[in-house]
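Protein chains in written order, with the working numbering: chain A, 1 to 294; chain B, 295 to 409.
A virtual CB, placed ideally from N, CA and C, is assigned to each residue, including glycine.
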């Protein structure tokens, strides 16, 4: 649905493999506008008594009563298709020996800066590529490419999350054999992306100190599904009156499964612990995959 | 607003099933939504009303059943419905990491008829 007008035109998802600088004007046809009152007749039927004389006795079929409805059991998950595609992604990525991250946060909490720093700092340890999802622009992809990493931008148009199929199409444009780590930067949104498995190994949630300590309480589904929670921009925590203990306690209680890191992508504080975690996870996955192959 | 894409999928599955059952009219769709599914029932209803127009479900009613969160406590070996966003076992106080239900987004059944 169009977020501007509520019409049912879903914009095209575009995948950009190459950096380019031009605006993509998008056009869509608005099928109808309901800004003005209009009149319409509601045809309706109702039974009304009527009499007619039957000249003689005869039988004739009366119109049959409306056919009885029947119930059909479906019991099907609406996300079945996405989940199957996500599983295919996961198998494909594992065949390539890739570790895959699905990075989520609200807009502006620093996902791109965090990934930019991660890609640059890990350059001598792991070869990193990225897939970036945004509603419009390829600004984030251009930022991530500054360090020479291969980056594919998905512009989703009006879609508020990435789906497994979009990731599959984008990943086809990357040389996965040349990569160790694939970071998927999801659309900035802590609600919708949560429902979609992309085939990742690690689901990473970022929150910045400017967003308040109760963010995990406001978006529990997102945090409960995360393997890693990163508290970012800690260099400005004091300036914004961020209560670290309350925030960490909220994360621990909402998401006891998550490993927590406190970082500043700007100054580099706390990033090394994150790299060590990633490196260890990557080594573990590679080892597990080898054992499966043997 | 991922409710719109979820409803597109739902209608697609529903219409496909109706046709398979030889029906050209859907009267009712029943769905189950987990408390932790991240789906807002009102937004889903809104998407349904917008998307059903012009389909064989145009006159259908959407019925949504909420599925409560059920957690499992490994220490007590029991299931429980958490009283709070923190999934704390009411008996031992341990935080559960094991959610058994509450994330469902399902189409459960259809009521079909003929036009």
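Residue burial annotation: residue 304/B is buried, with at least 16 other C-beta atoms found within 10 angstroms of its C-beta.
Taking 3 residues as the minimum length, the beta strand (DSSP E) runs contained wholly in the stretch 202 to 289 of chain A are 202 to 208, 228 to 232, 259 to 262, in order along the chain. Residue contact check for residue 162/A against chain B: no CB pair falls below 8 Å. Taking a contact as a CB-CB distance under 8 Å, the pair residue 254/A and residue 223/A counts as one, their CB atoms being some 5 Å apart. Interface residue (Cβ-Cβ distance to chain A less than 8 Å): residue 394/B is not classified as such. Taking a C-beta cut-off of 7 Å against chain B, the contacting residues of the stretch 179 to 212 of chain A are 191, 192, 194, 195, listed in chain order. Contacts with chain A at 8 Å (Cβ-Cβ) include residue 405/B.
Setting aside the 5 residues that flank it on each side, residue 114/A is surrounded in the same chain by 103, 206, 230, 232, 263, 265, each with a C-beta closer than 8 Å to its C-beta; the list follows chain order. By the C-beta density criterion, residue 116/A is buried, having at least 16 other C-beta atoms within 10 angstroms.
Considering only 129/A, 136/A, 261/A, 169/A, the residue with the shortest C-alpha distance to residue 208/A is 261/A. Residues of chain B whose Cβ lies closer than 8 Å to the Cβ of residue 217/A are, in chain order, 379.
The way I'd put it, the stretch 166 to 173 of chain A does touch the stretch 77 to 91 of chain A; three or more beta-carbon pairs between them come closer than 8 Å. Every alpha helix (DSSP H) of 4 residues or more that sits fully in the stretch 160 to 191 of chain A is shown, in chain order, as 164 to 171.
If you draw a straight line from the Cα of residue 409/B to the Cα of residue 318/B, it comes to about 6 Å. Pairing residue 405/B with residue 71/A gives a Cβ-Cβ distance under 8 Å.
Take residue 99/A, set aside five residues on each side of it, and the residues of its chain with a beta-carbon closer than 6 Å to its own are 181, 201, 282, 285, in chain order. For residue 107/A, not one C-beta of chain B is nearer than 8 Å to its own C-beta. According to the DSSP assignment, residue 146/A belongs to no alpha helix (DSSP H), since it is labelled neither H nor E.
Secondary-structure assignment with DSSP links residue 93/A through no beta bridge to anything. Chain B has a Cβ within less than 8 Å of the Cβ of residue 71/A.
In this structure, 190/A is the residue among 190/A, 157/A, 278/A, 164/A with its C-alpha nearest to the C-alpha of residue 108/A.
Residue 119/A and residue 144/A have their C-alpha atoms roughly 8 Å apart.
Rounded to the nearest angstrom, the gap between the Cα atoms of residue 194/A and residue 328/B is 13 Å. Sequence-distant Cβ neighbours of residue 394/B in its own chain, meaning closer than 7 Å and more than five residues away, are 364, 365, 366, 373. DSSP places residue 200/A in the coil class of the three-state scheme, outside both helix and strand. Annotated as distal: residue 326/B and residue 353/B, with beta-carbon spacing of 8 Å or more. A direct Cα-Cα distance of roughly 39 Å separates residue 315/B from residue 186/A.
Just measuring C-alpha positions, the residue of 292/A, 267/A, 259/A sitting nearest residue 278/A is 259/A. When the Cα atoms are used, residue 290/A and residue 332/B turn out to be separated by approximately 37 Å.
Here residue 105/A is not bridged, per DSSP, to any residue. In the structure shown, residue 390/B falls within a coil segment according to DSSP collapsed to helix, strand and coil. According to the DSSP secondary-structure assignment, residue 153/A is paired through a beta bridge with 16/A, 132/A.
Between residue 177/A and residue 213/A the beta-carbon gap is near 43 Å, outside 8 Å, which marks them as no contact. Contact annotation for residue 165/A against chain B: no contact, minimum CB-CB distance about 11 Å [criterion: below 8 Å]. Closest option to residue 112/A, judged by alpha-carbon separation, among 228/A, 131/A, 91/A, 257/A: 131/A. Cβ proximity to chain A below 8 Å picks out 330, 331, 332, 333 from the stretch 326 to 338 of chain B.
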